[in-house]
Amino acid sequence: MVNKSAPSRRAPALPRVTALVGIYLGVVLLTIAALAVMSVVAPDQATEHAWGHAIVVAVVAVLLPLRLRGAQRGRRGAIRAVGIIAAVLLVANVVEALLPGFVPEWMRGQMILVALLMLGVVIDVVRYGIGHPDR
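Sequential numbering of the sequence shown, starting at 11, is according to this note's numbering.
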């Protein structure tokens, strides 16, 4: 006998993406904390461009988990949005990391880390879409 009124116990979609986005959020928080400290002890390492980049990344760090919630439920539009946001973050971070003198060296490393995390998100979203063509 099947109880049709029981809630579905299906695992959330995109568990790797969830982990990668969690790491991304941690990187964003650590970056802002590092910039705050450096503003006091090493102002040349907390430039206006570094702060500007960190603020934009922080805004996206709010948006991405919101879209991820819908994606975890298997919502096609949300899955697509997560992939698009991650792709934009990937490209933006690579381009900004390659601009000479744009940000301090330590932040270039942060940008490359974020780009790699977002590459993982994009790959997983594409794999999920291929594995679930009805979505």
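The beta carbon of each residue, even a glycine, is placed where N, CA and C say it ideally should be.
(1) Exposed or buried, residue 46, counting other C-beta atoms within 10 Å across all chains shown (16 or more means buried)?
(2) Are the beta-carbon atoms belonging to residue 91 and residue 132 less than 8 Å from one another?
(3) Looking at residue 30 and residue 130, is the spacing between their C-beta atoms short of 8 Å?
(4) Does residue 110 come out as helix, strand or coil in the three-state DSSP assignment?
(5) Residue 113 and residue 60 - do their beta-carbons sit closer together than 8 Å?
(6) So the candidates are 115, 88, 71, 83; which of them puts its Cα closest to the Cα of residue 127?
(7) Any contact of the segment 71-80 with the segment 23-43, i.e. 3+ C-beta pairs under 8 Å?
(8) May I ask which residues mark the beginning and end of the alpha helix (DSSP H) holding residue 25?
The answer reads as follows:
(1) exposed
(2) no
(3) yes
(4) coil
(5) yes
(6) 71
(7) yes
(8) 25-51
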